[in-house]
Amino acid sequence: MFFHYLKLTLKEMRPRQWVKNVVLFAAIVFDRQFNPSHIPQILHTIAGFIIFCLLSGVIYIINDIADIEADRKHPQKCNRPIASGKLPVKFALTSASVIIIILIPVSYLLSPPFCLVGLVYLALNLVYSKWLKHIPLLDVLTIAMGFVLRVAGGVTLIHVARFSPWLYVVITLGSLYIGFGKRRAELALLTTEANSHRRVLQGYTLPLLDQYIIIVSATTILAYSLYTFSAPNLPDNHVMMLTIPFVLYGIFRYLYLVQIEHSGGAPEEVFLSDRPLQIVVILWGLAVLTIFYIF
3 MFFHYLKLTL KEMRPRQWVK NVVLFAAIVF DRQFNPSHIP QILHTIAGFI IFCLLSGVIY
63 IINDIADIEA DRKHPQKCNR PIASGKLPVK FALTSASVII IILIPVSYLL SPPFCLVGLV
123 YLALNLVYSK WLKHIPLLDV LTIAMGFVLR VAGGVTLIHV ARFSPWLYVV ITLGSLYIGF
183 GKRRAELALL TTEANSHRRV LQGYTLPLLD QYIIIVSATT ILAYSLYTFS APNLPDNHVM
243 MLTIPFVLYG IFRYLYLVQI EHSGGAPEEV FLSDRPLQIV VILWGLAVLT IFYIF
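Residue numbering for the sequence shown follows my numbering, starting at 3 and increasing by one per position.
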């Protein structure tokens with residue numbers, strides 16, 4: 003039974019969503035340290051990625067405990083181990099506590115500033131689970147701040163020479179875009195029963211979310227475009243601008259999936275299942291690596 007509960011705990015930590023923590027690698031990739039001459043930095047970043055995966059998994063457990071009643075009424079979330087009653091709340095909470103107790107000293111040994119970022123990330127998400135997720139706009143802004151903290155965590159793990167602040171702007175706007183898309187998908191899925199499933203949806207309407215999405219998608223494109231020809235560590239011939247079409251397609255494709263395919267309620271599932279989106283992300287990544295490490 004113990005190992006069965008451990009398996010359910012791992013499922014509750016939602017490993018498929020750990021793909022979000024890949025943004026920790028932004029610092030080492032965009033600072034041109036992702037090469038064989040920087041093995042210690044790469045290993046530090048990988049360790050930080052694992053820590054953030056476990057930390058975000060703990061937050062999912064705590065969030066699902068707080069949302070247990072609402073999740074039981076949700077057509078999809080009711081199947082989660084805690085909401086379905088398969089995983090006892092006491093076991094899940096104990097597991098989360100043990101993981102946190104282990105992660106704090108390990109992250110401090112890795113890097114004290116990284117440990118501080120992790121603690122801020124944990125505290126922010128605890129406040130989110132208790133209060134902020136029920137407040138319109140602040141809920142999505144908190145999600146965006148979580149991505150910014152991930153990037154900041156990656157910066158603290160290595161000695162960064164020239165990491166452009168434009169990347170923080172792009173990450174913030176991009177995560178807002180995904181966050182509002184997620185809220186729109188949830189609202190469209192639950193329709194008239196949205197308020198009983200997630201209280202914060204009372205503060206949104208589909209037209210309002212569409213306006214938010216238009217604003218942040220346009221500013222994301224603008225911010226990324228400005229980055230491609232203004233960042234200090236890019237080639238002088240502005241070849242980085244060739245990656246803009248990949249970003250455009252990715253933004254348009256996600257909007258298509260949200261509004262036409264009625265998906266997007268779980269962005270990580272969209273990324274892991276939509277082949278065109280996967281292809282454009284891979285092509286963008288290959289283009290960035292080619293420009294940074296070959297040109």
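Every residue, glycine too, gets a C-beta built ideally from N, C-alpha and C. Here the structure is a predicted model, which means the values were calculated and not measured.
Residue i versus the options, residue with shortest Cα-Cα distance
i      : options                        : result
ALA163 : ARG34, VAL21, LEU175, VAL260   : ARG34
ILE137 : ASP212, LEU285, TYR206, GLU271 : TYR206
LYS75  : LEU45, LEU192, SER265          : LEU192
THR222 : ILE246, VAL202, GLY176, LEU189 : GLY176
ARG152 : PRO38, PHE54, ALA85            : PHE54
ILE284 : VAL249, SER99, LEU143          : VAL249
LEU57  : GLN78, VAL122, GLN261          : VAL122
Short Cβ contact (9 Å threshold) for residue i with residue j
i      : j      : result
GLU14  : LEU89  : yes
SER29  : ILE160 : In the sequence on display, residue 29 carries Ala and not Ser. Contact: yes.
ALA268 : LYS132 : no
LEU291 : VAL31  : yes
ILE84  : ILE106 : no
ARG18  : GLU271 : yes
GLY50  : LEU112 : yes
ALA187 : SER265 : yes
LEU189 : LEU203 : yes
LEU274 : VAL21  : yes
VAL25  : ILE173 : yes
ASN37  : LYS135 : no
ILE299 : VAL91  : The requested residue 299 does not occur in the structure, where the chain is confined to residues 3 to 297.
ARG201 : ALA94  : no
Coil, strand or helix - residue i by DSSP
i      : result
TRP168 : helix
SER113 : coil
ASP33  : coil
THR194 : Confidence at THR194 is low in this model, with a pLDDT of 48, below 50, so its placement is unreliable and the value that follows should be read with caution. It is helical.
GLY266 : coil
ASN235 : coil
ASP73  : helix
PHE27  : helix
GLN78  : coil
ILE296 : coil
ARG16  : coil
ILE53  : helix
ASP276 : coil
LEU139 : coil
LEU89  : coil
The ligand ATP heavy atom lying under 8 Å from the CB of residue i
i      : result
GLY183 : Absent from the structure shown: the ligand ATP. Ligands present: none.
Presumed contact (8 Å Cβ cut-off) between residue i and residue j, rounded CB distance
i      : j      : result
LEU257 : ILE215 : 7 Å
SER219 : TYR179 : 5 Å
GLY120 : GLY155 : 7 Å
THR230 : LEU224 : Contact flag wrong, Cβ pair sits at about 11 Å.
ALA98  : ILE63  : 5 Å
THR158 : PRO115 : 4 Å
VAL142 : GLY87  : Contact flag wrong, Cβ pair sits at about 30 Å.
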